[in-house]
Amino acid sequence: MIHIGSIIKEKFDELGLPVSWFAKELCCDRTNVYSIFKRESIDTSLLVKISIILNHDFFRYYSDNLGINADK
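Numbering (our numbering), first residue to last: 664 to 735.
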């Protein structure tokens with residue numbers, strides 16, 4: 664099972680960005696950012712926005728876990 668909030672937080676921490684900056688980019692307050700980090704699942708439109716802001720494809724964690732052979 665994927666815990667997307669933890670994955671987002673890990674990438675966010677790697678970038679060394681302030682939470683206040685991330686909240687501003689997401690047009691929300693800091694408490695919402697901390698809420699995102701705790702989520703096991705997330706709305707796809709929000710995940711698109713986060714992927715763009717952090718310049719990272721968070722959708723690949725889901726596609727990599729599908730276990731589908733792309734060659735078939």
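Every residue gets a Cβ at the ideal spot worked out from N, C-alpha and C, and that includes glycine.
Residue environment analysis places V696 among the buried positions, since at least 16 neighbouring C-beta atoms fall within 10 angstroms of its C-beta. Annotation: the continuous alpha helix (DSSP H) that includes R723 extends over 723–727.
Excluding five sequence positions before and after F721, the CB atoms of its chain that fall closer than 7 Å to its own CB belong to I667, I670, I671, L710, I713, S714, given in chain order.
If you check the CB distance, L717 and K687 do not come in under 7 Å.
In the structure shown, G668 adopts helical secondary structure according to DSSP, grouped into three states.
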